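Numbering (my numbering), first residue to last: 10 to 365. C-beta: ideal position from N, C-alpha, C; glycine also. All values reported here derive from a predicted model rather than from experimental measurement.
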Amino acid sequence: MSVLYIEQAAWVLGNISMDSLAARDLILDHGGLIPLASLLSSPQISDVFTIVPWTLANLCRKPSPPFQKIKPLLPVLIDLIVMPDEKVVRDACCALSCLSEGSDEMIEAIIKAGFIPRLVALLMHQSAEYAEPALRTIGNIVCGSTAQAQAVIDNRVLHCFYLLLTAVCHDTTMISEICWIISNITTDTTTQLEAVIDADLIRPLVRLTRAEFPIKKEAAWAISNACMLGTTEQIQMLVNSDCIIALCDLLSCSDLEVVVFCLEALENILSVAELEEYYLVIDGPNLHAQLMHQCGGWDKILNLLTNGNLQIFERSTQMLLRFWSEDFDVFCQNSRHYRSFSFGTKVPFAFIISPN
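See below:
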């Protein structure tokens with residue numbers, strides 16, 4: 010058969026697979042994957058590495074095909090992802106990013122095929138066309154099982170994250186996605202949280218809570234998850250890295266979801282200080298509560314009483330009554346105008362209208 014016809018057939022299959030999922034599945038059901046992949050070993054086809062990787066990537070597009078249909082492609086992709094041709098590597102990375110959104114079985118196959126070291130290396134590539142699909146694949150793997158996330162951590166991905174988060178300039182989308190990946194790690198196990206702390210990622214995350222909103226929110230999630238998961242010692246490390254200050258600053262955020270999970274994290278930090286008085290409390294006061302007061306957290310929590318959101322209202326009230334009961338009583342007594350509201354709370358309290 011003419012080489013030209015073969016090239017055109019591969020190109021047409023790529024276009025057909027883009028047309029609809031039904032068309033893509035029809036190609037796979039009729040055994041189109043193996044013949045296409047075999048073209049990569051045909052040196053007589055001059056444009057083979059231009060057309061075929063692109064077509065294969067289209068066959069993998071979301072939602073990813075059933076595992077058994079696409080499994081034979083993995084050995085092909087592992088060869089493509091190390092080639093010097095930028096377009097070939099980009100297509101291979103795009104295929105992997107789609108496949109990694111499939112089942113845990115597919116993620117496990119990707120790990121066992123040996124993709125992770127190459128994907129981590131591609132994170133540091135200057136071209137976002139390489140780095141972004143590699144990062145998406147890593148993120149999808151981290152969202153798998155604890156063992157699958159650990160496989161990524163074991164390949165020094167956290168060190169790469171540190172370098173990227175502390176770079177002077179970098180792609181905003183990538184920074185946001187890195188923070189999102191870290192937030193998934195900091196909600197898994199204390200061992201993996203320890204790896205994040207050991208990689209010195211907390212201070213860059215704290216700094217990024219002052220970045221533009223998409224980054225701010227993901228960084229806040231990562232810190233909040235860490236504060237909810239951590240051991241006493243880990244939470245003290247987080248406090249030493251200015252996490253209380255960052256979380257208190259975020260209480261002024263207009264996004265109510267951010268306010269809620271920051272309040273939850275702060276409440277857990279304060280609870281740990283109460284439980285471990287022998288370790289954190291000197292002569293009575295809760296040192297974390299003192300720090301929160303000093304950095305403006307107390308005032309921000311008071312302001313949240315007029316937020317209008319019931320969940321925030323109840324959480325703020327609970328914290329004020331539990332950790333600052335005397336201060337809150339004095340504040341209410343010294344306020345000229347206040348009304349008592351309950352909104353279903355168990356303990357009635359003063360809803361401040363016009364403080365002195």
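Go ahead and label residue i buried or exposed: buried means 16 or more other beta carbons lie within 10 angstroms of its beta carbon, across all protein chains shown.
{"i": "I43", "result": "exposed"}
{"i": "E186", "result": "buried"}
{"i": "G353", "result": "Low per-residue confidence applies at G353: pLDDT is 46, beneath 50, and the placement is therefore not dependable enough to give any value."}
{"i": "K96", "result": "exposed"}
{"i": "D258", "result": "buried"}
{"i": "R219", "result": "exposed"}
{"i": "Q342", "result": "exposed"}
{"i": "V245", "result": "A quick correction: the sequence has Gln, not Val, at residue 245. So Q245 counts as buried."}
{"i": "G317", "result": "exposed"}
{"i": "Y287", "result": "The predicted position of Y287 is uncertain, since its pLDDT is 43 and thus under 50; a value taken from the coordinates is nonetheless stated next. The residue is exposed, with fewer than 16 neighbouring Cβ atoms inside 10 Å."}
{"i": "S263", "result": "exposed"}
{"i": "I291", "result": "Interpretation of I291 is limited by its pLDDT of 48, a score under 50 that renders its predicted location unreliable; the figure taken from the coordinates is listed afterwards. By the 10 Å Cβ count, I291 comes out exposed."}
{"i": "H297", "result": "buried"}
{"i": "P81", "result": "exposed"}
Locate the alpha helix (DSSP H) running through residue i, then write down its first and last residues.
{"i": "H302", "result": "296-303"}
{"i": "Q320", "result": "319-332"}
{"i": "P75", "result": "Element bounds for P75: n/a, residue is neither H nor E."}
{"i": "L82", "result": "Looking at the DSSP string, L82 is not in any alpha helix (DSSP H), and its letter there is neither H nor E."}
{"i": "E110", "result": "Per DSSP, E110 belongs to no alpha helix (DSSP H) and is neither H nor E."}
{"i": "R212", "result": "211-217"}
{"i": "R127", "result": "125-131"}
{"i": "E203", "result": "199-207"}
{"i": "T181", "result": "181-194"}
{"i": "T155", "result": "155-162"}
{"i": "D38", "result": "30-38"}
{"i": "S47", "result": "42-47"}
Candidates the options: which alpha carbon is nearest residue i's?
{"i": "G148", "options": "I162, E242, E138, Q135", "result": "I162"}
{"i": "Y171", "options": "M246, D209, L68", "result": "D209"}
{"i": "H168", "options": "W333, A140, M133, K225", "result": "M133"}
{"i": "L311", "options": "L329, L319, L296", "result": "L329"}
{"i": "R165", "options": "Q201, V248, C304", "result": "Q201"}
{"i": "M183", "options": "I254, L284, V215, S136", "result": "S136"}
{"i": "C102", "options": "F76, V129, P81, G40", "result": "V129"}
{"i": "L247", "options": "L174, L265, L108, T195", "result": "T195"}
{"i": "L265", "options": "S106, I116, I150, Q320", "result": "Q320"}
{"i": "A156", "options": "P75, I224, I120, L45", "result": "I120"}
{"i": "L35", "options": "K78, P84, K71, A140", "result": "K78"}
{"i": "S105", "options": "L214, S47, L65, N193", "result": "Looking at the sequence itself, residue 105 is Leu, so the reference to Ser does not match. Taking only the C-alpha atoms, the option nearest L105 is L65."}
{"i": "G111", "options": "H302, I278, L314, P72", "result": "P72"}
{"i": "I122", "options": "R70, S47, I90, R145", "result": "According to the sequence displayed, residue 122 carries Ala and not Ile. Among R70, S47, I90, R145, the Cα nearest to that of A122 is on I90."}
{"i": "T240", "options": "S280, A228, L13, L214", "result": "S280"}
{"i": "D94", "options": "C107, F124, D56", "result": "D56"}
{"i": "L214", "options": "Y14, I191, H39, I60", "result": "I191"}
{"i": "A46", "options": "E138, L83, T326", "result": "L83"}
{"i": "M237", "options": "L22, F332, T181, D197", "result": "D197"}
Inset, instruction - List in chain order: all unbroken alpha helix (DSSP H) runs of 4+ residues lying wholly within the stretch 239-270. - result: 241-249, 252-258
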